[in-house]
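Colleague:
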Amino acid sequence: MTHDERRKNTRVVFHTTASVRFAGDVFERLAIRDLSLRGVYLEGISGRSQGEKCEVELFLTGSSSELKLNMKGKVVRRDERGVGIHFEEIDIDTFFHLKNIVYYNADDPDQVENELAENIPEGSFVE
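When you line the sequence shown up against our numbering, it's residues 199 to 325, in that order.
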């Protein structure tokens with residue numbers, strides 16, 4: 199993913215936690231710096247390689263229940279604070295939850311709609 203492609207996606211600040219599973223390692227209760235329809239930046243992970251595959255679980259809590267969103271992805275960026283993960287596989291229900299999170303937390307919700315109309319996210323939708 200190029201720098202220009204990343205910037206085409208609306209990113210939002212969304213306060214929740216996540217866990218991520220790599221082959222042989224699990225990181226739990228990670229802070230999310232930002233979230234988009236195509237990926238997430240997770241703080242508190244180090245020692246991962248660019249291109250490394252993983253499974254991400256975002257935890258959404260409501261007044262009466264907890265919802266978990268599950269995606270498969272790969273590390274596309276890393277720095278001293280954490281890693282950027284590009285979603286490669288996502289089920290359709292999770293995608294719609296993500297769309298709503300990004301839409302309702304965006305400074306310009308219409309831009310999110312435009313992004314969807316112009317550019318359907320890459321990756322696989324699974325049932």
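Every residue, glycine too, gets a C-beta built ideally from N, C-alpha and C.
Cβ of residue 227 within 7 Å of Cβ of residue 241?
Modeller: Your numbering for residue 227 matches position 29 in the sequence shown. Your numbering for residue 241 matches position 43 in the sequence shown. No, they are not a contact pair.
Colleague: Taking all protein chains shown into account, decide if residue 313 is buried (16 or more other Cβ within 10 angstroms of its Cβ) or exposed.
Modeller: The count along the sequence shown starts at 1 and reaches residue 313 at position 115. When all chains shown are included, residue 313 counts as buried.
Colleague: Helix, strand or coil, according to DSSP, for residue 228 in the structure here?
Modeller: The residue labelled residue 228 in the question sits at position 30 within the sequence shown. Correct three-state label for residue 228: strand.
Colleague: Taking the straight line between their C-alpha atoms, what separation do you get for residue 264 and residue 245?
Modeller: Along the sequence shown, one-based indexing puts residue 264 at 66. Along the sequence shown, one-based indexing puts residue 245 at 47. Cα to Cα, residue 264 sits roughly 30 Å from residue 245.
Colleague: For residue 211, does the three-state DSSP call read helix, strand or coil?
Modeller: Locating residue 211 in the sequence shown gives position 13, counting from the first residue. Looking at residue 211 - three-state DSSP - the assignment turns out to be coil, as it is neither helix nor strand.
Colleague: Per DSSP, what kind of secondary structure is residue 288 in: helix, strand or coil?
Modeller: Walking along the sequence shown from the start, residue 288 turns up at place 90. Strand.
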